[in-house]
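Participant:
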Amino acid sequence: MRQSGAAWVNIQSGYLDEGNGPILQPIPYGAMPRLALAWVSTIAVRNKEREIRIGDSAAEFLRLMGMGDDGRRYSTLRKQMHALAACRLQLGFKGRTYNGQPIEQFDAWIANRNSKQRLLWPGKMVLSEGYFNSLIDSAVPLDNRALIALKGSALALDIYSWLAHRLHRIEGRGTKLYWKPLREQFAQEYTGKDPDKDFKKKFVPALRKVLAVYPQAKVSQIRGGFLLVGSPPPIPYKDGPLK
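If you read the sequence shown in our numbering, its first letter stands for residue 125, the second for the next number, and so on.
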């Protein structure tokens, strides 16, 4: 679970039928499920449809996300797509809790009975109505080129998405954020003698990568943290900004 101030998020693993009954999946982790969800969310908003085509093959989907199609990536993609399809999400803020699941329907990537070598790629997934509606109501456009450039770092992807959603809503002189709440939001696993210092060593290089692909972002380092100043989103809204 991650918590920042009064807001918190909890991701739970779930079950997926892989052809012979329910199998408990791991919690999705790393850059790949982040890229996959960002990509399908972008397509859902663009097409205004819950059913998303994810390519005719795993190789095509990997290419769409800017990744090579070597054997190791196939294995990781299968594991993380199954985990993403099965997971459940809880969001809480000041007495209100949302329970949801981003993906409503996903046909597991299973072995072809007619060939022991080939795996059947599902080709599509269906987003849940609640998640889809939240995208249509408040999604922030992300730059796919930036996502591809940051594909090697889960932390950089998280920072990019966070800034994209937050900066254009800031007014006035800006918002100061300090290391402790930043660490609690992004990396509560740091619990050593000086967790804020350890986290800073990872966060600052990741932030530099983000600012290289999101140059409009007005973020400056101050003593003990950062100052965020209102900035345009990575891609302008077609129908004006959302509040």
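All C-beta atoms in this analysis are idealised placements derived from N, C-alpha and C, irrespective of residue type, glycine included.
Predicted, not measured: the structure shown is a model, and the values here were computed from it.
Among V328, H289, A209, A278, which one has its Cα closest to the Cα of G354?
Facilitator: Reading the sequence shown from its first residue, position 230 is the one you call residue 354. Comparing Cα-Cα distances from G354 to each of V328, H289, A209, A278, the minimum goes to H289.
Participant: What number of angstroms, rounded off, separates the C-alpha of L279 from the C-alpha of F327?
Facilitator: Residue numbering aside, residue 279 sits at position 155 when the sequence shown is read from its first letter. Residue numbering aside, residue 327 sits at position 203 when the sequence shown is read from its first letter. Their backbone Cα atoms lie some 8 Å apart in a straight line.
Participant: Have a look at L201 and M156 and give me their C-alpha separation to the nearest angstrom.
Facilitator: For the purposes of this step, residue 201 is taken as residue 77 along the sequence shown, with counting starting at 1. For the purposes of this step, residue 156 is taken as residue 32 along the sequence shown, with counting starting at 1. Using only the alpha carbons, I get a separation of about 7 Å.
Participant: Take the Cβ of L323 as the centre, count every other Cβ of all protein chains shown within 10 Å, and call the residue buried at 16 or more, exposed below.
Facilitator: Position 199 of the sequence shown, counted from the first residue, corresponds to residue 323. Sequence check: residue 323 is Phe here, not Leu. Buried, by the Cβ-count rule.
Participant: Reducing DSSP to helix, strand and coil, say where M249 ends up.
Facilitator: Position 125 of the sequence shown holds residue 249. M249 falls in the strand class under three-state DSSP.
Participant: Can you find the residues in the same chain that come closer than 6 Å, C-beta to C-beta, to H206, ignoring five residues on each side of it along the sequence?
Facilitator: Counted from its first residue, the sequence shown places residue 206 at position 82. The residues are L140, Q149.
Participant: In the DSSP assignment, find the unbroken alpha helix (DSSP H) run with A336 in it and report its ends.
Facilitator: Looking up residue 336 in the sequence shown gives position 212. According to the DSSP assignment, A336 belongs to the alpha helix (DSSP H) that extends over 319 to 337.
Participant: From G276, A168, H292, L271, pick the residue whose C-alpha is nearest to that of Y284; which is it?
Facilitator: Start at 1 with the first residue of the sequence shown, and residue 284 comes out as number 160. Minimum Cα distance to Y284 is reached at L271.
Participant: Smallest Cα separation from A336: which of R269, Q312, L259, A130?
Facilitator: For the purposes of this step, residue 336 is taken as residue 212 along the sequence shown, with counting starting at 1. The candidate whose alpha carbon is nearest that of A336 is R269.
Participant: Let's test the definition: count the other Cβ atoms within 10 Å of the Cβ of F217 and tell me whether it reaches 16, buried, or not, exposed.
Facilitator: Here residue 217 refers to the residue found at position 93 of the sequence shown. With fewer than 16 other Cβ atoms within 10 Å, it is exposed.
Participant: Which same chain residues end up closer than 6 Å to R212 when comparing Cβ atoms and leaving out the 5 residues on each side of it in sequence?
Facilitator: The residue you call residue 212 lines up with position 88 of the sequence shown. Sequence-distant partners of R212 (beyond 5 residues in either direction) whose C-beta falls short of 6 Å from its own C-beta, in its chain, are Q136, G138, Q225.
Participant: Is R332 near P319, with beta carbons less than 8 Å apart?
Facilitator: Numbered from its first residue, the sequence shown carries residue 332 at position 208. Numbered from its first residue, the sequence shown carries residue 319 at position 195. Their beta carbons are not under 8 Å apart, which means R332 does not touch P319 by this criterion.
Participant: Can you grab the Cα-Cα spacing for the pair D261 / I167, in whole Å?
Facilitator: Residue mapping note: residue 261 aligns to position 137 of the sequence shown, counting from 1. Residue mapping note: residue 167 aligns to position 43 of the sequence shown, counting from 1. Spanning the two alpha carbons is a distance of roughly 15 Å.
Participant: Name the one or two DSSP bridge partners that T221 has.
Facilitator: Here residue 221 refers to the residue found at position 97 of the sequence shown. Answer is G216, bridged to T221.
Participant: Identify the continuous beta strand (DSSP E) that holds Q229 and give its terminal residues.
Facilitator: Numbered from its first residue, the sequence shown carries residue 229 at position 105. First-last of the beta strand (DSSP E) with Q229: 227 to 230.
Participant: Could one say the Cβ of F327 lies closer than 8 Å to chain D's Cβ atoms, at least one of them?
Facilitator: Here there is only one protein chain, and chain D is not present.
Participant: Does the Cβ-Cβ distance between L287 and V343 come in under 8 Å?
Facilitator: As a first step, residue 287 is located in the sequence shown; it is residue number 163 there, counting from the start. As a first step, residue 343 is located in the sequence shown; it is residue number 219 there, counting from the start. In contact: L287 and V343 (Cβ atoms closer than 8 Å).
Participant: So, helix, strand or coil for P356, using DSSP?
Facilitator: On the sequence shown, position 232 is the one that residue 356 refers to. Looking at P356 - three-state DSSP - the assignment turns out to be coil, as it is neither helix nor strand.
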